[in-house]
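In what follows, a single structure is set out as structure tokens and then discussed.
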Amino acid sequence: MLKRSFAEFHAQKDLPQKEKLLLQMLRQPTKTIECIKGEPSIEEYYDMFLEAEEHREFVTEAIMQLHTTQQFLAPGRLVVVKSKSDDDHLLGVIVKNPSATLKQYVVLVLTGDCTSSALAPNLSSQSEKGPGDSQGYFIIPPKGKRGMDDDFFSSSRTRKSSGVINIKLPYMGDASGMGFEVRAVENKEIISICISKIKIDQVGLLEDISKTVYAKTVQMLIKEQTDGKYPPALDAIKDLKMKDMDQVKRYHAHNNLLEEMSKNKCHGCIKLKEHKSMMKDQKMHKDELDQLKYQMSDEALQQMPQFQGRIDVLKEIHYIDSDLVVQLKGRVACEMNSGEELISTECLFENQLDELEPEEAVAIMSAFVFQQRNASEPSLTPKLADAKKRLYDTAISLGQLQKRHEVPVDPEEYARDNLKFGLVEVVYEWAKGTPFADICELTDVSEGLIVRTIVRLDETCREFRNAASIMGNSALYKKMEIASNAIKRDIVFAASLYVTGI
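Positions in the sequence shown are counted from 1; adding 497 to them yields our numbering.
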């Protein structure tokens, strides 16, 4: 029924194409990952990798929000950032902090194969030199208080930067046999903040575009990446003062996963990068298949969550049973067309009309058919006021029940939209025989709307009478007949409002 509904038309019209695409995807051969070490554990490794990445992204975002982090992320700080392919990470150095014109960090990263052979001979010969090196570039090891700017020596050739960037980002090149790239980096792209810091010439890198400066900076980064390993990272808890319990928990979970990954035999495999890429393709293929199957299933119907919620509501109030078979209350609800079915049915089964006279009952029933939201407040007898309150409370209760079952209903709005008591006094007086001209003085509602409401109310009386017949309530059946006859008179039910007495 839902699939054929108008609400699902746009989603269902593409179903044949989706079925064809699903068959094509199912026919595609799956690449087998052949492990050179025997029993493949790449699936387990890749699952740990994905979970670790999820923790890392959360922790990285949390770290970048810490006030203490900004003290460490100064130009010259070594960081590890994500590569564009996300397959590996790159060592880099912060060249410039975010500014009003550029909201990201400017980072120089190494993009080539970082090996000891890439070190320039002159750097190797100078590696033993100290702070007095005439070139003015050197690697400063951190002191006891890691990461603070005043913990480093200053260079004799330091020049103050104007903040201008004279290169177009990303800026790529190579120096000392190593490829590099100067790029703008978002907070979430920073994998870790290293304990090491090097002295850089920001002017030479961004303003003067000095090849010598680039070569020296690249050489220092290569020197920091000994044996292909990144420098140690700052500890998020000890160094960056992370204190939030949830953040600390995720930080430890990330570290534990990294440790587990290092124990996996895939960790040091020469084919790890290739196999991770294959696993990524396989997972993407599986996710696409699952998504396509879901889109073709009943669960993907836009109205399905509401549908299931409404089914649960009907079960709880016994309109249907656990096998979805319609019960007595459900049969009665099927007779209700002019008013809200649930409220009307509950009104009958709670015997709310039993203690009322026919004219009082039909007056309260006018709340189901009157459409105008804003009308003057009626003056009701105590008995009618009590009946009004009881019916309104029933509507609120039904609204709350639907809300509990995740049907998008606001109880107060549900009651206001389905029960409008503006003509209760008018209908009550009309059923008692009061002339039409007199009842019009009781409200600010127009005469035409009064007539239309009373005419529709006669149809509601017939529906309630049929419901009473199904329930076997002969007293209610008779009361609805009397109420219908009481309102079916005079000008309201004349053949024409303009021609009478013919």
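Beta carbons: idealized from backbone N, C-alpha and C, even for Gly.
key: Whether Val-577 touches Tyr-727 by CB criterion (8 Å)   = yes
task = Tell me whether the beta-carbon of Pro-572 lies closer than 8 Å to the beta-carbon of Ile-662.
result = no
query = Thinking C-alpha only, which one of Leu-939, Lys-738 and Gly-674 is nearest Ala-712?
reply = Gly-674
request  = Locate the alpha helix (DSSP H) running through Val-556, then write down its first and last residues.
outcome  = 539 to 562
query = What residue does the alpha helix (DSSP H) around Glu-757 start on, and which one ends it?
reply = 742 to 760
query = Which full runs of the alpha helix (DSSP H) of 4+ residues lie inside the region 770 to 857, going along the chain?
reply = 801 to 813, 825 to 830 and 838 to 846
query = When the Cα atoms are used, what is the spatial distance from Leu-850 to Leu-888?
reply = 10 Å
query = Hey, quick one: how far does the beta strand (DSSP E) through Lys-593 stretch, first residue to last?
reply = 586 to 593
ask   = Roughly how many angstroms lie between the CA atoms of Ala-980 and Gln-788, to the nearest whole one?
value = 57 Å
task = Out of Lys-985, Asn-970, Ala-912 and Ile-767, state which residue places its alpha-carbon closest to the alpha-carbon of Glu-956.
result = Lys-985
ask   = Is it the case that the Cβ atoms of Leu-877 and Val-921 are separated by a distance below 8 Å?
value = yes
ask   = Counting along the chain, where does the alpha helix (DSSP H) carrying Gly-945 start and finish?
value = 944 to 968
inquiry  = I need the straight-line Cα distance from Asp-967 to Ser-841, nearest angstrom please.
reply    = Residue identity check: residue 967 is Ile in the sequence provided, not Asp. Going from the Cα of Ile-967 to the Cα of Ser-841 covers about 14 Å.
Sequence-distant residues of the same chain with beta carbon closer than 7 Å to Asp-809, five excluded per side = His-902
request  = Can you grab the Cα-Cα spacing for the pair Ser-971 / Lys-790, in whole Å?
outcome  = 54 Å
message = Just to confirm, is the Cβ distance from Gln-869 to Leu-946 under 8 Å?
response = yes
key: Backbone secondary structure at Leu-666 - three-state DSSP   = coil
task = Would you mind working out which of Gln-567, Ile-695, Asn-594 and Glu-541 sits nearest Leu-575, comparing C-alpha positions?
result = Ile-695
query = Taking the continuous beta strand (DSSP E) assigned at Lys-579, which residues delimit it?
reply = 574 to 579
ask   = Taking the C-alpha atoms as reference points, what is the distance between Lys-665 and Val-715?
value = 19 Å
ask   = Can you tell me where the alpha helix (DSSP H) with Ser-689 in it begins and where it stops?
value = First-last for Ser-689: 687 to 695, but that is the beta strand (DSSP E), not the alpha helix (DSSP H).
request  = With a threshold of 16 other CB atoms inside 10 Å of the CB of Thr-709, please say whether the residue is buried or exposed.
outcome  = exposed
ask   = Between Leu-588 and Glu-721, which are expected to be in contact by the criterion C-beta below 8 Å, what is the C-beta distance as a whole number of angstroms?
value = 7 Å
request  = Would you mind reading off the limits of the alpha helix (DSSP H) that contains Arg-913?
outcome  = 908 to 915
task = Determine, using beta-carbon pairs with one atom in the region 752 to 769 and one in the region 557 to 566, whether at least three such pairs fall under 8 Å.
result = no
Three-way DSSP call (helix, strand, coil) for Val-679 in this model = strand
query = Excluding five sequence neighbours on each side, which residues of the same chain lie with their C-beta closer than 7 Å to the C-beta of Asp-987?
reply = Phe-933
key: Exposure of Leu-845, with buried meaning 16 or more beta-carbon neighbours within 10 Å   = buried
query = What does a CB cutoff of less than 6 Å around Glu-843 pick up in its chain, not counting 5 residues either side in sequence?
reply = Thr-891
ask   = Leaving out five residues before and five after Asn-982 in sequence, what residues of the same chain have Cβ atoms less than 8 Å from its Cβ?
value = none
request  = Could you give the DSSP three-state label for Ser-981: helix, strand or coil?
outcome  = helix
query = Per DSSP, Asp-671 forms a beta bridge with which residues?
reply = Gly-676
inquiry  = I'd like to confirm the pairing. Which residues does DSSP put opposite Ala-730 in its beta bridges?
reply    = Cys-691
message = Can you look up Val-904 in the DSSP assignment and give me helix, strand or coil?
response = coil
message = Check for me: the alpha helix (DSSP H) holding Leu-877 runs from which residue to which?
response = It is not in any alpha helix (DSSP H) - Leu-877 carries neither H nor E in the DSSP assignment.
request  = Please determine, among Thr-950, Lys-735, Arg-953 and Gln-601, the residue with the shortest C-alpha to C-alpha distance to Lys-685.
outcome  = Gln-601
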